[in-house]
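Working notes for the structure below.
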Amino acid sequence: MDKEAFLARVGEYHKGGWRLALINATTVPSPDETTAGVFELSWAFAKDLEFETIRENIVLADEVPSVSDFFGAAFLYENEMRELFGINVTGIGLDLQGQLYKTSIKIPFSHAAVKARLEARGAATAAASGKKA
Amino acid sequence: MANPFRLPMAPRTIRNLFSKPATRRYPYEIRARFEGARGTIKFDVETCNYCMLCARRCPAAAITVSRDERTWSIEHLTCIGCNVCVEVCNKNSLSMSTDSKSVHTHAEVGPQGQRPGHEEWHGAAPEPAVARAPAG
Amino acid sequence: MKRTIIPFGPQHPVLPEPIVLDLILEDEKVIDAIPTIGYIHRGLEAMVDRVEFTEMGFVVERICGICSFMHGMGYCVALESIMSVEVPDRARWLRIIWAEISRIQSHLLWLGLGADAFGFENLFMHCWRMREEILDIFEKTTGGRIIHSVNRIGGVKRDISDSELIAIVAKLDELGKTFDATAKVFASDASIRHRLSGVGILSMADARAVDAVGPMARASGVRMDTRLTGQNLYDQLEFEPILEAAGDCLARVVVRMREVRQSIDLVHQMVDKMPKGEGLPLENKPRGNPSGETFTRLEQPRGEVVYYVKANGSKYLERFRARTPTFANIPAMIKLVKGCDLADVPNIILTIDPCISCTER
């Protein structure tokens, strides 16, 4: 991920008076064991009637810079991304150090956790169809 | 500084002195539910053909159907009242009644120790199939 | 100067929602507030792995009881956009009629809670008595008071006959008269004015800097309303977002009161403009599985809600995200709470209209 270019784009939005609407992360399950799992990150900006998004695809090892310098309200989204997805976001304005969410499963959207849920679903559907037939 | 002698609630307060209370003395007075309100699912065992569509489409997995054993059961307290089962049943065996699900009606544990709110039906055995001559 | 840390919430006598804040105080003034989320976190977004996309609508509806209708509608609108489903006209009108009635109900609930928070319990009861009329309308038309379950991908499941619509409009007009009498209390009562006027001022520049949404931003003079984008048939209605300039707690109360009146007027317009007749189609069932991604925005009573849905061609969605307006207003709340007295904290928290079930999903 090209951090300089990304932050420059975010700066453009800030200068143009856009508002930060959402920072989202999606766990994309990897097709096989060898490829690293990808996270699709979206930064969505809104201004009056328009809505635009920046999309970056990263892997777990990547460092994601915080946009808190431009948009102070970003700290909530970035803390959430760190705690629920395990993504390494650096330089968050108000860093809650893992205390924002209290979940029973740590990092519930990590690739391992998502894979476990998909496998559990596969097993449950197989058992149910075996029982119902 | 606003006028402390202005009493905007006064007309309402005086009206309340002479009208009946806004609340109902539940459980001695119970309001009848409106027509079309979501309540409990009712099942007609005579018309069911055990196609299992209701069990497959229930979002809460509240309905269990067994085609071989001709049983149909529902957990009323798991049911979310979404009405999908009523919509998909092509034999019109299911309907939504306006009876509320309350602790009064669904608190007892079933005779075989089933969960409170469990309702089970056993249908008649199907007609024996006509034996077919083997092909070829 | 001694610093103390007071845990505020999740249970507190004046708190309407289980928000968790650690307040750092110096004497009686609040220096900082640190939020924590997790008391109501149910992991509903993780349920996309287990619940099929046709059934996910029921889960999304149940994210919150106050905002329930708009969540269901937003989910269905997002999936209709992915699957390119054309929703029948009457269904679209019915949806926004229910949405505006839901807005009235939500604001009445909040006005009651606001009154309760500064001790005016009688007014709280009056607001909720009016709200009961709205919930009766919902029970008659959708079958449920709080959770409606009428939205499906492709349309709605129940119809409201034309005569019923006229009766609903008449009932709303009657409610409007009772509401005006109560609104006068909010606006002119001396004790309310004393507690709310001049407290928690958010200037227009600050509202823009912290990305506040909804009535929170509109009370500071920022002209922001997702309904202005004209989606979901709002381009056929005439309305102007309600703005106030003061930016204090009283301005936020006034904005919500005027929005109740505006919603009653909008329902009038909708009933006039919608296609009339019996037996019009209500649902256009989609075929197959969704594939693609979309962002959908709606105007919930608390502000702009953004839904992000990503589907990959199977019957399970890959990602569903609801960024609710309270989530966007929490930085604004933290900014307001810094520097105020401890006694004003519950009032300020209440005037952002927190809905913690929505925030924590």
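Chains as they are written, first to last, in numbering that gives the first Met the number 0: chain S, 0 to 132; chain G, 0 to 135; chain F, 0 to 360. The beta carbon of each residue, even a glycine, is placed where N, CA and C say it ideally should be. Fair warning: this is a prediction, and the values are worked out from it, not measured in the lab.
The segment 254–274 of chain F and the segment 234–241 of chain F touch, with no fewer than 3 CB-CB distances between them shorter than 8 angstroms. The Cβ atoms of residue 88 of chain F and residue 198 of chain F lie no closer than 8 angstroms to each other.
Here residue 292 of chain F is not near residue 90 of chain F, since their CB atoms are 8 angstroms or more apart.
When only Cα atoms are considered, residue 56 of chain G and residue 79 of chain F end up about 20 angstroms apart. Spanning the alpha carbons of residue 48 of chain G and residue 54 of chain G requires a straight line of approximately 13 angstroms. Cβ-Cβ separation between residue 84 of chain G and residue 62 of chain G: approximately 6 angstroms, consistent with a contact (criterion under 8 angstroms).
A straight line joining the alpha-carbon of residue 317 of chain F with that of residue 107 of chain F spans about 37 angstroms. Taking the CA atoms as reference points, residue 270 of chain F sits about 29 angstroms from residue 352 of chain F. At a cut-off of 8 angstroms between beta-carbon atoms, residue 42 of chain G makes no contact with chain F. For the set S/70, S/84, S/26, S/39, the Cα lying nearest the Cα of residue 11 of chain S is the one of S/70.
In the structure shown, residue 304 of chain F falls within a strand segment according to DSSP collapsed to helix, strand and coil. When Cβ-Cβ separations below 8 angstroms define contact, residue 54 of chain F makes contact with chain G. Taking a C-beta cut-off of 7 angstroms against chain G, the contacting residues of the segment 173–205 of chain F are 180, 183, 184, 187, 188, 189, 192, listed in chain order. Closer than 9 angstroms at the C-beta level to chain F, one finds these residues of the segment 31–43 of chain S: 39, 41, 43. As DSSP reads the structure, residue 291 of chain F sits in a beta bridge with F/310. DSSP, read as helix, strand or coil, puts residue 99 of chain F in helix.
CA-CA distance, residue 154 of chain F to residue 103 of chain F, rounds to 23 angstroms.
With fewer than 16 other CB atoms across the displayed protein chains lying within 10 angstroms of its CB, residue 17 of chain G is exposed.
Secondary structure in the segment 79–131 of chain S: the alpha helix (DSSP H) runs of 4 residues or longer, each lying completely within the stretch, are 110–131 in chain order. In the three-state scheme derived from DSSP, where H, G and I count as helix and E and B as strand, residue 127 of chain F is classed as helix. Chain S has no Cβ within less than 8 angstroms of the Cβ of residue 337 of chain F. Apart from sequence neighbours up to five positions away, the residues of its chain that approach residue 355 of chain F with a beta-carbon distance below 6 angstroms are 16, 17, 18, 39, ordered along the chain. A Cβ-Cβ separation of about 4 angstroms places residue 273 of chain F in contact with residue 92 of chain F under the 8 angstroms criterion. Distance from residue 77 of chain F to residue 306 of chain F at the Cβ level is roughly 5 angstroms; contact confirmed, criterion being Cβ atoms closer than 8 angstroms. Runs of the alpha helix (DSSP H) lying entirely within the segment 26–92 of chain F, each at least 4 residues long, are 52–60, 67–82 in chain order.
Pairing residue 71 of chain G with residue 279 of chain F, the inter-Cα distance amounts to about 35 angstroms. Nearest to residue 42 of chain S by C-alpha distance, out of S/126, S/72, S/29, is S/72. Taken through DSSP and simplified to helix, strand or coil, residue 98 of chain G comes out as coil. Proximity of residue 121 of chain F to chain G, defined by a Cβ-Cβ separation below 8 angstroms, is satisfied. Under the 8 angstroms Cβ criterion, the segment 87–99 of chain G counts as touching the segment 38–48 of chain G, having at least three qualifying pairs. Per DSSP, reduced to three states, the secondary structure at residue 71 of chain G is strand.
Among the bridge pairs identified by DSSP, residue 222 of chain F is matched with none. The three-state secondary structure of residue 299 of chain F, taken from DSSP, is strand. Counting the other Cβ atoms within 10 Å of the Cβ of residue 48 of chain S gives fewer than 16, which makes it exposed. Restricting attention to F/337, F/249, F/308, F/100, the CA atom closest to the CA of residue 174 of chain F is found in F/100. Secondary structure of residue 54 of chain S (DSSP, three-state): strand.
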